[in-house]
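K.L.:
So the protein sequences, as listed, match chains S and R.
Going by my numbering, the first residue of the first sequence is number 1, and it counts up by one from there.
Going by my numbering, the first residue of the second sequence is number 304, and it counts up by one from there.
If you scroll down you'll find the structure; I have some questions about it.
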Amino acid sequence: MTVQAASPALDAGQAQAPARPLREFWYYFSENKGAVLGLALIVLLILAAIFADVIAPHDPIEQYRDALLKPPVWDAEGSSRFLLGTDPAGRDILSRLIHGTRLSFFIGIISVSLSLSVGVVLGLASGFFRGVVDIAIMRLMDIMLALPSLLLAIVIVAILGPGLVNAMIAISITYLPHYVRLMRASVLTESGKDYVTASRVSGAGLLRLMFVVVLPNCMAPLIVQGTLGFSSAILDAAALGFLGLGAQPPTPEWGSMLASALEFLQRAWWVVTFPGLAILITVLAFNLMGDGLRDALDPKLKR
Amino acid sequence: MLRFIVTRAALIIPTFIGVTLLAFAMIRLVPGDPIELLAGERGISAERHAKLMAEYGFDKPLLVQYAVYVAEVLQGDLGQSISTRQPVLEEFAALFPATVELSFCAMLFAMVLGLPAGIVAALKRGKAPDHVVMGASLTGYSMPIFWWGLLLILFFSVYLRWTPVSGRIAIQYFFEPVTGFMLIDSLLSGQEGAFTSALRHLILPSIVLGTIPLAVIARMTRSSMLEVLNEDYIRTARAKGLSPWRIINLHALRNALIPVITVIGLQVGALLAGAILTETIFSWPGVGKWLVESIRRRDYPILQGGVLLVATVIILVNLTVDLLYGLINPRIRHAR
Numbered sequence: 001m002t003v004q005a006a007s008p009a010l011d012a013g014q015a016q017a018p019a020r021p022l023r024e025f026w027y028y029f030s031e032n033k034g035a036v037l038g039l040a041l042i043v044l045l046i047l048a049a050i051f052a053d054v055i056a057p058h059d060p061i062e063q064y065r066d067a068l069l070k071p072p073v074w075d076a077e078g079s080s081r082f083l084l085g086t087d088p089a090g091r092d093i094l095s096r097l098i099h100g101t102r103l104s105f106f107i108g109i110i111s112v113s114l115s116l117s118v119g120v121v122l123g124l125a126s127g128f129f130r131g132v133v134d135i136a137i138m139r140l141m142d143i144m145l146a147l148p149s150l151l152l153a154i155v156i157v158a159i160l161g162p163g164l165v166n167a168m169i170a171i172s173i174t175y176l177p178h179y180v181r182l183m184r185a186s187v188l189t190e191s192g193k194d195y196v197t198a199s200r201v202s203g204a205g206l207l208r209l210m211f212v213v214v215l216p217n218c219m220a221p222l223i224v225q226g227t228l229g230f231s232s233a234i235l236d237a238a239a240l241g242f243l244g245l246g247a248q249p250p251t252p253e254w255g256s257m258l259a260s261a262l263e264f265l266q267r268a269w270w271v272v273t274f275p276g277l278a279i280l281i282t283v284l285a286f287n288l289m290g291d292g293l294r295d296a297l298d299p300k301l302k303r
Numbered sequence: 304m305l306r307f308i309v310t311r312a313a314l315i316i317p318t319f320i321g322v323t324l325l326a327f328a329m330i331r332l333v334p335g336d337p338i339e340l341l342a343g344e345r346g347i348s349a350e351r352h353a354k355l356m357a358e359y360g361f362d363k364p365l366l367v368q369y370a371v372y373v374a375e376v377l378q379g380d381l382g383q384s385i386s387t388r389q390p391v392l393e394e395f396a397a398l399f400p401a402t403v404e405l406s407f408c409a410m411l412f413a414m415v416l417g418l419p420a421g422i423v424a425a426l427k428r429g430k431a432p433d434h435v436v437m438g439a440s441l442t443g444y445s446m447p448i449f450w451w452g453l454l455l456i457l458f459f460s461v462y463l464r465w466t467p468v469s470g471r472i473a474i475q476y477f478f479e480p481v482t483g484f485m486l487i488d489s490l491l492s493g494q495e496g497a498f499t500s501a502l503r504h505l506i507l508p509s510i511v512l513g514t515i516p517l518a519v520i521a522r523m524t525r526s527s528m529l530e531v532l533n534e535d536y537i538r539t540a541r542a543k544g545l546s547p548w549r550i551i552n553l554h555a556l557r558n559a560l561i562p563v564i565t566v567i568g569l570q571v572g573a574l575l576a577g578a579i580l581t582e583t584i585f586s587w588p589g590v591g592k593w594l595v596e597s598i599r600r601r602d603y604p605i606l607q608g609g610v611l612l613v614a615t616v617i618i619l620v621n622l623t624v625d626l627l628y629g630l631i632n633p634r635i636r637h638a639r
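Here it is in structure tokens:
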């Protein structure tokens, strides 16, 4: 930074390319209108998740016996008491969706941070130690990739037993190989570079080399993968919930809301439509933002 | 070429060993011991328990158990279902054609729509068609397909009454399965209307299962096309004065399709995962629904054998794609 400040002439010459990393990042990110839209949606969803107790008009598991399967407000039989109608047990769908946002973000955060942290450690170990450690780890990851993610998650849930926590564990195990491979690949390209050799020569220990020297330089692809992993985690958790293997009723999880609405498909379209729409919008928002992040952070991957 | 095939084929051995380990470990990691699982909820006396433990070999060291398991698997013995007492392999073989038929039609749907969409998007880069295709493809890629299936049922089956809600064929048609593929069997049976009925049952599930591959193929075709269109030989072809149609078909498309073929091959795994959800929604009697039901019934031998078989299918398909890719693209074959 001090070096750049000392050469103002150079700065003025490159007015198109801002020097600050954050500003440069925003410059590229905001080029992609879809990504900005995704970000805006995510901010809205996060706000909804944080203030769920305040925004939600009703308690998400309170059953109004006098209002079973009420249609949404714009329907002739709907009322403004339940904006998006009620489910077969008389619970307010809007409130359940808002509280479901909280749950989905919780699932995303836990699953992604679990697989990210374990994946980073395994990838670093694989890339630094090479040899037997590398082969063992990478072969294991290949095996995990041989199974479709949802099938692997189902197997893990079948072993651990159904439930929200186990579903999150299953999802984080399923997506582990992506992070390990990504991390290992970055380590292999980075560890040959001069700055790594320099710190090695000046006596940096192995742990310092791994976590302080190399890791920060491998963050860009990990952030992109993490964002995209967030959407996969939400999607898979909903699928598990739908199959009855994830969150159990009466938890207001979007996938299990869909599952419990199945038998009312023909009578009440709204109990099926809204939870799925919530899943779609959230997943879409993260995929949009992930694409923008990739463009902004990783010029190599730019399409 | 032979060396390439042999080395690629040899690479699947460790993966296969790993998958058998996973399947083997699975049934032993479940809380409670395997005999209790086999006995189910009825319970079992202590002596009978000990006798069965010895009979099934669960009292031997794990390594011996694993060796026995692999030997059995290699002989095609994957155990018996707890609920139906049928061999797992037989059940799988009976249901697998239904899944293959569905996956094939889904892939056909995805390719027929995805390839042209991707090409159009690439040719009209940055214009309205491009934005429409890319937006639709990102939406398709983000789609919770179990919900998508329900929406389609709601609209086409419940509201418009165009297509049936579930199953493979209307119940009034009955014939012995010859190939296991309903479209072919219904034709062979010679019954009037049977083929149409089978086809109508296939439409919605194929669209649902094909949605994500469709999105992936469209995106991939677009980016691959864009890359090829920048190549020198395309400029040369243009400079020669070839018609745009000829350039696209003869020069660009042939080269652009190589990565797309790989992606299509890799989608097979995703298709089988999607089949789990699609088959559950449409009550399609295939492998996916069978696996989900086996979990609900706690039928662990089916889950164990089914996972092994599905993984084997995926490994073999991926190997085939690898080999085909090497065949089309000599650069891969001679790498290293």
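Using N, Cα and C, we set each Cβ at its ideal position, and we do this for glycine too.
Give the single residue among R:D488, R:I510, R:A559 whose Cα lies nearest to the Cα of R:N533.
P.N.:
R:A559
K.L.:
Check whether the Cβ atoms of R:T402 and R:E596 sit closer than 9 Å, and answer yes or no.
P.N.:
no
K.L.:
Exposed or buried, R:L366, counting other C-beta atoms within 10 Å across all chains shown (16 or more means buried)?
P.N.:
exposed
K.L.:
Pick out whichever of R:L491, R:L517, R:V468 has its Cα sitting closest to the Cα of R:F478.
P.N.:
R:L491
K.L.:
For the structure I just gave you, are there three or more beta carbon pairs, one from the stretch 516-527 of chain R and one from the stretch 408-423 of chain R, closer than 8 Å?
P.N.:
yes
K.L.:
Please report the straight-line C-alpha distance between R:N621 and S:I154, rounded to a whole angstrom.
P.N.:
22 Å
K.L.:
Taking C-beta to C-beta, are S:Y179 and S:S111 nearer than 9 Å?
P.N.:
no
K.L.:
Can you find a CB in chain R that lies within less than 9 Å of the CB of S:F242?
P.N.:
Closer than 9 Å to some Cβ of chain R, the Cβ of S:F242 qualifies, so yes.
K.L.:
Which runs of the alpha helix (DSSP H), 4 residues or longer, sit entirely within the stretch 225-280 of chain S?
P.N.:
254-261
K.L.:
What residues match up with R:P390 in a beta bridge as DSSP calls it?
P.N.:
Looking at the DSSP assignment, R:P390 forms a beta bridge with R:Q383.
K.L.:
What three-state label does DSSP hand S:D92 in the structure shown?
P.N.:
strand
K.L.:
Hey, does R:S445 have any beta-carbon neighbour from chain S nearer than 9 Å?
P.N.:
yes
K.L.:
Below 9 Å between beta carbons is the criterion; list the residues of the stretch 277-298 of chain S that meet it against any residue of chain R, in chain order.
P.N.:
L277, I279, L280, I281, T282, V283, L284, A285, F286, N287, L288, D291
K.L.:
Between the alpha carbons of S:D142 and R:G421, how many angstroms are there, rounded?
P.N.:
30 Å
K.L.:
For S:F129 and S:L207, I'd like the C-alpha separation in whole angstroms.
P.N.:
12 Å
K.L.:
So, is the C-beta of S:Q266 closer than 9 Å to a C-beta in chain R?
P.N.:
yes
K.L.:
CB-CB under 6 Å to S:F230, same chain, minus the five flanking residues each way: which ones, in chain order?
P.N.:
G108, V112, F286
K.L.:
Sorted by chain position, which residues of the same chain lie with C-beta nearer than 8 Å to S:L293's C-beta, five sequence neighbours on each side aside?
P.N.:
Closer than 8 Å at Cβ, skipping near neighbours: F29, A35, I223, V224, T227.
K.L.:
Could you give the uninterrupted runs of the alpha helix (DSSP H) lying entirely in the stretch 102-149 of chain S, keeping only those of 4 residues or more?
P.N.:
131-146
K.L.:
Does S:L243 pass the burial test, meaning 16 or more other C-beta atoms within 10 Å, or should it be called exposed?
P.N.:
buried
K.L.:
Could you compute how far the alpha carbon of R:G482 sits from the alpha carbon of R:D625?
P.N.:
Per the sequence presented here, residue 482 of chain R reads as Thr, with Gly not at that position. Cα to Cα, the separation comes out at about 28 Å.
K.L.:
Count the other CB atoms within 10 Å of the CB of R:G417; is the residue buried (16 or more) or exposed (fewer)?
P.N.:
buried
K.L.:
From R:R522, R:P547, R:A555, R:M523, pick the residue whose C-alpha is nearest to that of R:Y536; which is it?
P.N.:
R:A555
K.L.:
Closest by CA to R:A328, which one among R:G629, R:F498, R:V373?
P.N.:
R:V373
K.L.:
If you count every other CB in all the chains shown that lies within 10 Å of the CB of S:G127, and 16 or more means buried, which is it?
P.N.:
buried
K.L.:
So which residues on chain R does S:W26 lean against when the C-beta distance must stay under 8 Å?
P.N.:
What S:W26 touches in chain R: nothing, since even the nearest Cβ is about 22 Å away.
K.L.:
What are the boundary residues of the alpha helix (DSSP H) that S:Y64 is part of?
P.N.:
Counting along the chain, S:Y64 falls outside any alpha helix (DSSP H), and DSSP gives it neither H nor E.
K.L.:
Just to confirm, are R:W451 and S:G90 a CB contact at a threshold of 9 Å?
P.N.:
no
K.L.:
So with Cβ pairs under 9 Å, would you call R:W593 a contact of chain S?
P.N.:
no
K.L.:
Just to check my reading of the structure: R:S469 and R:S386 have Cβ atoms closer than 8 Å, yes? What is that Cβ distance to the nearest angstrom?
P.N.:
Not quite, the Cβ-Cβ distance comes to about 22 Å (not below 8 Å), so this is no contact.
K.L.:
For S:T86, which residues does DSSP report across the bridge?
P.N.:
S:D92
K.L.:
If distances are taken between C-alpha atoms only, which option among R:M485, R:L486, R:S500, R:P480 comes closest to R:P467?
P.N.:
R:S500
K.L.:
Does R:W548 come within less than 9 Å of chain S when only Cβ atoms are used?
P.N.:
With its beta carbon at least 9 Å from every one in chain S, R:W548 lies outside the interface.
K.L.:
Consider the Cβ of S:S231: report whether some Cβ of chain R lies at a distance smaller than 9 Å.
P.N.:
yes
K.L.:
Quick one: Cα of S:Q14 to Cα of S:L245, how far?
P.N.:
Only weak support is given to the placement of S:Q14: the predicted model assigns it a pLDDT of 46, under 50, and the value that follows is read from those uncertain coordinates. Between S:Q14 and S:L245, the C-alpha separation is close to 55 Å.
K.L.:
Which residues in the same chain as R:R311 place their Cβ atom closer than 8 Å to its Cβ, once the five residues preceding and following it in sequence are excluded?
P.N.:
Counting only Cβ-Cβ distances below 8 Å, and skipping sequence neighbours, we find L622, D625, L626, G629.
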